[in-house]
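For the sequence shown, the UniProt record's numbering assigns the number 1 to the initial residue and increments by one for each residue that follows.
Beta carbons are placed, not taken as given, at the ideal position from N, Cα and C, and that holds for glycine.
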Amino acid sequence: MTDGDGGSAEGGSAGRRSAPAESAEGAATPTTGSRVDALRERAPDTRREAEALLDRIVRENRFTIAVVFPLVGALALVGSAEGWIPEPFAFHPWFVLFGVIVMRSPLVVGVLPTIDRRALGWIGALTAYTYLIESVGVATGWPYGEFAYTVDLGPMLGGVPVALPVFFIPLVTNAYLLCLLLLGPRADSVWVRLATVIPVVVAMDVVLDPGAVSLGFWNFGGGAFYGVPLSNYAGWVLSAVVAVVTLDRAFAAAGIRERLRDCEFMLDDMVSFVILWGSINVWFGNLLPAAVAAAFGVGLVRADRFDTRLFTEWRR
């Protein structure tokens with residue numbers, strides 16, 4: 001009797017307790033579903049909408065991407081080289097790659113609307129060339145001179161970083177786009193493009209390699225120019241020619257120039273390059289490479305791509 005009554009009471013109370021729980025679960029389900037539905041509604045449905053979303057994200061974060069990241073990167077890299085940052089954080093490859101990818105994002109997002117199957121094919125060919133020429137260089141010393149990577153830049157394959165195209169292709173693409181902007185109608189001539197882009201690519205390496213050697217990224221075993229052999233720059237002439245020819249094939253001239261004209265952040269990756277490697281070269285006393293970096297800054301200003309509002313808006 002007592003057990004029966006108690007069981008009855010317990011069952012009743014359990015039933016009474018379960019009702020609100022079921023009600024709460026029922027209420028939670030539409031809420032979760034509505035959130036998922038809201039996310040789906042916000043997600044882009046077409047390529048054009050996705051490109052517009054990426055444009056907005058980059059545009060709203062230009063100062064962080066183009067200024068903060070390279071400044072923090074320069075401090076972290078110098079700190080790693082000088083022993084201020086302890087292991088395992090010094091030259092941490094995934095930190096380095098993350099920073100590089102973020103700084104590359106304005107260029108990638110800027111170029112994205114011009115990418116079609118033809119562009120993908122030619123960029124794939126340039127990627128293959130990047131691996132091939134670097135592998136030959138590491139194995140034989142041609143065409144850049146004898147060198148070896150001395151810092152882990154992520155997974156390696158045959159002595160070459162797997163992420164190498166992320167470092168090389170944006171560099172030559174930035175040089176190519178800057179020349180298109182500065183040359184205007186004169187860029188219609190392939191010979192003018194070659195005669196202009198090649199020295200600009202080599203000049204970018206004049207900034208890059210001395211800074212990288214000072215950091216200890218790679219080592220040529222000595223060289224006449226801040227530890228870099230002059231033969232290295234002859235190799236960059238070859239790579240610049242290949243890059244110009246490939247990029248000419250990859251992009252429709254009218255389309256890439258129209259996008260370059262309309263997309264104000266498309267060369268922000270080059271702003272990052274100037275800040276990052278200019279700062280590193282100044283720290284190590286590489287005055288000529290630092291001066292060349294400053295000259296690129298002037299070129300960006302002339303091309304109306306070094307947006308001083310990035311700094312004035314931040315001060316507000």
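Between the alpha carbons of Val200 and Ala175 lies a distance of about 6 Å. The DSSP-derived three-state label of Asn219 is strand. For Phe251, the closest of Val111, Asp152, Arg104 and Val274 by C-alpha to C-alpha distance is Val111.
Note that the C-beta distance between Pro44 and Ala38 is not below 8 Å. The three-state secondary structure of Tyr129, taken from DSSP, is helix.
Ser34 counts as exposed, since fewer than 16 other beta carbons sit within 10 angstroms of its beta carbon. If you look at Leu153, you'll find it isn't in any alpha helix (DSSP H); DSSP assigns it neither H nor E. Beta-bridge analysis with DSSP links Phe225 to Val228. At a cut-off of 4 residues, the continuous stretches assigned as alpha helix (DSSP H) that sit fully inside the stretch 38-86 are 47-60 and 69-82. Put simply, the backbone Cα of Ile256 is about 10 Å away from that of Leu247. In this structure, Phe168 keeps its C-beta atom at 8 Å or more from the C-beta atom of Ser214. In the three-state reduction of the DSSP assignment, Leu247 falls in the helix class.
The alpha-carbon of Arg302 is positioned some 14 Å away from that of Asp268.
Closest by C-alpha distance to Leu54, out of Phe265, Ala290 and Phe306, is Phe265. Taking C-alpha positions only, Val207 is separated from Ala52 by approximately 34 Å. The C-alpha of Gly141 lies about 7 Å from the C-alpha of Phe147. Residue pairing for Leu157: DSSP places it in a beta bridge opposite Val160.
Pairing Ala81 with Ser272 gives a Cβ-Cβ distance that is not under 8 Å.
Check the Cα spacing between Met103 and each of Pro113, Tyr131, Asp116 and Leu171: the tightest is with Leu171.
For the stretch 244-298, the continuous alpha helix (DSSP H) assignments of 4+ residues that do not extend past its boundaries occur at 253-262 and 268-283, in sequence order. The continuous stretches of alpha helix (DSSP H) do not include Ile115, and DSSP gives it neither H nor E. Looking only at Thr173, Asn281, Tyr144 and Gly158, the smallest Cα-Cα distance to Tyr131 is reached by Gly158. In this structure, the beta-carbon distance from Phe217 to Val162 does not fall below 8 Å.
Excluding sequence positions up to five before and after Gly223, its CB lies within less than 6 Å of the CB of Pro229, all in the same chain and listed in chain order. By the neighbour-count criterion, in which 16 or more other beta carbons inside 10 Å mark a residue as buried, Arg117 falls on the exposed side.
Its Cα nearest to that of Asp205, the residue Asn232 stands out among Leu181, Pro143 and Asn232. A direct Cα-to-Cα measurement between Val192 and Arg186 gives close to 7 Å.
At least 8 Å separates the beta-carbon of Pro165 from that of Thr114.
Taking the C-beta atoms as reference points, Val244 is found no nearer than 8 Å to Val202. Relative to Phe95, the option among Ala76, Leu177, Gly211 and Thr31 whose CA is nearest is Ala76. Across the structure, Val138 and Ala234 are spaced so that their CA atoms are roughly 16 Å apart. Here DSSP, grouped into helix, strand and coil, assigns Asp188 to helix.
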